[in-house]
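Colleague: With full-length UniProt numbering, the residue at position 352 of the sequence shown is 352, and numbering never jumps. Built from N, CA and C at the ideal position, the CB exists for glycine as well. Quantities reported herein were computed from a predicted structural model and do not represent experimental measurements. What follows is a structure written as structure tokens; I'll ask about it next.
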Amino acid sequence: MTPKDIKILVVDDSQTVRRLSELILTQAGYTVYTAEDGERGLELARQLHPAAILVDYVMPKMNGHAFCKALRSDDAMKNIPLILISSQGETVGQSFEKEFGVLHYFTKPFEPEDLIKKLAEVLAAQPSPGPAGDESPATAGAPPTEEMLDAFQERFDKTIRNYFHRDFPLLIKNIFSDTLYETGLVAKKTLVFSGNLERIPLPDVINFAYNSRLTGRLTVFSRAVFGEIFIEDGNFVFAAASRKGVSHQFLTDLLRADGRLPEDPAELNKLMCEAREANIPIGRLLVQKNILFETELMGYLRRHAQDAFSGILDVRDGTFFLENDPLPLNLQDISFRVPLISVLMEGLRRQDEKQQAAVEFRDESVVFMRLITNEDALESYDFSESELQVFSVIDGHKTLEELIALTQVDALEVKRICYSLKQVGLLRVKEYRGR
Numbered sequence: 001m002t003p004k005d006i007k008i009l010v011v012d013d014s015q016t017v018r019r020l021s022e023l024i025l026t027q028a029g030y031t032v033y034t035a036e037d038g039e040r041g042l043e044l045a046r047q048l049h050p051a052a053i054l055v056d057y058v059m060p061k062m063n064g065h066a067f068c069k070a071l072r073s074d075d076a077m078k079n080i081p082l083i084l085i086s087s088q089g090e091t092v093g094q095s096f097e098k099e100f101g102v103l104h105y106f107t108k109p110f111e112p113e114d115l116i117k118k119l120a121e122v123l124a125a126q127p128s129p130g131p132a133g134d135e136s137p138a139t140a141g142a143p144p145t146e147e148m149l150d151a152f153q154e155r156f157d158k159t160i161r162n163y164f165h166r167d168f169p170l171l172i173k174n175i176f177s178d179t180l181y182e183t184g185l186v187a188k189k190t191l192v193f194s195g196n197l198e199r200i201p202l203p204d205v206i207n208f209a210y211n212s213r214l215t216g217r218l219t220v221f222s223r224a225v226f227g228e229i230f231i232e233d234g235n236f237v238f239a240a241a242s243r244k245g246v247s248h249q250f251l252t253d254l255l256r257a258d259g260r261l262p263e264d265p266a267e268l269n270k271l272m273c274e275a276r277e278a279n280i281p282i283g284r285l286l287v288q289k290n291i292l293f294e295t296e297l298m299g300y301l302r303r304h305a306q307d308a309f310s311g312i313l314d315v316r317d318g319t320f321f322l323e324n325d326p327l328p329l330n331l332q333d334i335s336f337r338v339p340l341i342s343v344l345m346e347g348l349r350r351q352d353e354k355q356q357a358a359v360e361f362r363d364e365s366v367v368f369m370r371l372i373t374n375e376d377a378l379e380s381y382d383f384s385e386s387e388l389q390v391f392s393v394i395d396g397h398k399t400l401e402e403l404i405a406l407t408q409v410d411a412l413e414v415k416r417i418c419y420s421l422k423q424v425g426l427l428r429v430k431e432y433r434g435r
């Protein structure tokens, strides 16, 4: 059996992830099918009985948790190996492993080689492939990992890296859907345009979305960052981002820091399980239980989303996809709307602060002291999620280098936060230990 005989199903609501996964796996020789949500994924799984399924965690209609539960309860499909792809990383992966035996998971964004290697490992470990009664062993259809990587390494380099960094800018000359549809990377019906961020800066793309009063999704995919910005009529609705090597912050982290969630992991896990069973976000459950007011939830979501937006705005190279489609169902009850241009200007202000902070705090032996007696500044300063996280661990003893390691926030972002807090009178430099 050749890789072409092996059917792989990708279930993800992100069109970008589906297209990229399809491109990567098809180039590796697999036959790839995709589904945009869990319900469609189950239909295809029953029809195709694929050798493996890659499934996202957060999806409309039926999320990853419900999908895995349904799959494992079906005798005909319960042994199909699952690979969880999530921007929420190891925490979600371990939860799924405990409940469904999902032993395979990795975090967005991912490298093409990571996906191929993981899939090869999963297929090689299976005792039998495909539908019940298929007598061919799985290992006969799954080439050895090293052999596969060697065989396709050059092809990956050409089809992924060279494609996005060399060929794609040429396609931008024919930027609308007909040309891009022919490439097989994007859907004809929803794509507005896409391109290389080295040629078309992200602020220009965002400004275009604002001026055209677009409703849809801007997806950014680079070697280090995977981010999505959701827009309605040119207004900012929500953003989510994950960065390789940086601890991902969740809404629950912000709520726990403010004392709005129980510190006991068992109690918190109970709430999370209850939200999953009801198939609603944890924030919505907290409102239903009167733990949060609706306005408070929206405030937390807005802070969380604007932090993610700023992180996405830092991306300088990679690929973007601007799509014109309705908001996902799980975002439609978010009540706040902020003009996209306002969020962009705030993000650019932060970038300017980063540049100045990089110069002022080049020496990471600097020690800061909090000025918490400055009541006017404390009352007027609107702390973001990451700013609150950094401010809370400044104690007059830790160096900037230690703060960066402790918070696991991007080093330049920590410097920007310290610079901003110093400018408004909430911090002062105590000493430089390296001098």
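Considering only C-alpha positions, which residue in the set 223, 214 and 243 is nearest to residue 197?
Modeller: Ranking the options by Cα distance to residue 197, first place goes to 223.
Colleague: When you compare only the Cα positions, how much space is there between residue 288 and residue 52?
Modeller: Each residue's Cα considered, the two are about 38 Å apart.
Colleague: Please name the residue or residues paired with residue 227 in a DSSP beta bridge.
Modeller: Answer is 220 and 241, bridged to residue 227.
Colleague: In this structure, what does DSSP give as the bridge partners for residue 11?
Modeller: For residue 11, which the question treats as bridged, DSSP gives the partners 35 and 55.
Colleague: What does the Cβ neighbour count give for residue 205, buried or exposed, with the cut at 16 atoms within 10 Å?
Modeller: Under this definition residue 205 is a buried residue.
Colleague: In terms of alpha-carbon separation, which member of 283, 318, 349 and 426 lies closest to residue 379?
Modeller: When only C-alpha atoms are compared, the closest one is 426.
Colleague: How close, in whole Å, do the beta carbons of residue 195 and residue 320 come, if the pair is a contact with beta carbons under 8 Å?
Modeller: That pair is a contact at about 6 Å.
Colleague: Suppose only complete runs of 3+ residues qualify. What are the beta strand (DSSP E) ranges in the region 305–373, listed by chain order?
Modeller: DSSP runs (the beta strand (DSSP E)) wholly in the region 305–373: 319–323 and 366–370.
Colleague: Taking 8 Å as the cut-off, decide whether the C-beta atoms of residue 192 and residue 323 are in contact.
Modeller: Yes, they are a contact pair.
Colleague: On the DSSP letters alone, give me the boundaries of the alpha helix (DSSP H) that residue 234 sits inside.
Modeller: Neither: residue 234 is in no alpha helix (DSSP H) and is coded neither H nor E.
Colleague: By the DSSP assignment, the alpha helix (DSSP H) with residue 384 in it spans what residues?
Modeller: Run containing residue 384: none; DSSP gives neither H nor E here.
Colleague: Do the CB positions of residue 215 and residue 60 come within less than 8 Å of each other?
Modeller: No, Cβ-Cβ distance for residue 215 and residue 60 is not below 8 Å.
Colleague: Considering only C-alpha positions, which residue in the set 407, 402 and 370 is nearest to residue 422?
Modeller: With distances taken between Cα atoms, residue 422 lies closest to 370.
Colleague: How would you label residue 237, buried or exposed, when you count the other beta carbons within 10 angstroms and need 16 or more for buried?
Modeller: Per the 10 Å Cβ criterion, buried.
Colleague: Go through its chain and collect everything with a Cβ distance to residue 173's Cβ below 7 Å, but skip five positions before and after it.
Modeller: Reliability of the predicted coordinates at residue 173 is poor, the pLDDT of 36 falling under 50, and the value obtained from them is presented with this limitation in mind. Contacts found: none.
Colleague: Would you give the residue range spanned by the alpha helix (DSSP H) that residue 270 belongs to?
Modeller: Start and end: 265–278.
Colleague: Please say whether residue 334 and residue 241 have beta carbons closer to each other than 8 Å?
Modeller: Contact flag unset, no.
Colleague: Counting C-beta neighbours from all protein chains within 10 Å, is the total for residue 213 16 or more, i.e. buried, or is it exposed?
Modeller: Flag for residue 213 reads exposed.
Colleague: Taking the alpha-carbon positions, what's the residue 32 to residue 9 distance?
Modeller: Approximately 6 Å, taken between the alpha carbons.
Colleague: Run through the DSSP bridge pairs and tell me what residue 196 is partnered with.
Modeller: DSSP lists 319 as partners of residue 196.
Colleague: For residue 253, which of 336, 346, 301 and 277 has the nearest alpha-carbon?
Modeller: If we check each option's Cα against that of residue 253, 301 comes out closest.
Colleague: Considering only C-alpha positions, which residue in the set 299, 55 and 68 is nearest to residue 77?
Modeller: It is 68.
Colleague: Could you tell me if residue 38 is buried or exposed, where buried requires 16 or more neighbouring beta carbons within 10 angstroms of its beta carbon?
Modeller: Per the 10 Å Cβ criterion, buried.
Colleague: Buried or exposed: which applies to residue 217, given that a residue is buried once 16 or more other Cβ atoms fall within 10 Å of its Cβ?
Modeller: Per the 10 Å Cβ criterion, buried.
Colleague: Which residue wins for smallest C-alpha separation from residue 5, given the options 40, 43, 20 and 48?
Modeller: Nearest of 40, 43, 20 and 48 to residue 5, Cα basis: 48.
Colleague: Which two residues bound the contiguous alpha helix (DSSP H) that contains residue 400?
Modeller: Unbroken alpha helix (DSSP H) run through residue 400: 400–407.
Colleague: Start and end of the beta strand (DSSP E) containing residue 427?
Modeller: Residues 427–432.
Colleague: Could you tell me which of 227, 257, 317 and 41 sits nearest to residue 393, measuring between CA atoms?
Modeller: Closest option to residue 393, Cα to Cα, is 257.
Colleague: If you measure between the beta carbons of residue 309 and residue 229, is that distance less than 8 Å?
Modeller: It is a contact, given that the beta carbons lie within the stated cut-off.
Colleague: Does the Cβ of residue 186 have 16 or more other Cβ atoms within 10 Å, making it buried, or fewer, making it exposed?
Modeller: For residue 186, the predicted model reports a pLDDT of 48, less than 50, meaning its position is unreliable; a value from the coordinates is still stated below. By the 10 Å Cβ count, residue 186 comes out buried.
Colleague: Three-state secondary structure (DSSP) at residue 191?
Modeller: DSSP places residue 191 in strand when its eight states are reduced to three.
Colleague: Are the beta-carbon atoms belonging to residue 413 and residue 365 less than 8 Å from one another?
Modeller: Cβ distance not < 8 Å, so residue 413 and residue 365 don't count as in contact.
Colleague: Kindly indicate which three-state DSSP category residue 64 falls into: helix, strand or coil?
Modeller: Note: residue 64 maps to helix in three-state DSSP.
Colleague: Compute the Euclidean distance between the alpha carbons of residue 125 and residue 385, then round it to the nearest angstrom.
Modeller: Straight-line Cα distance between these residues: approximately 42 Å.
Colleague: Provide the residue span of the alpha helix (DSSP H) that contains residue 283, from first to last.
Modeller: Segment 282–288, the alpha helix (DSSP H) holding residue 283.
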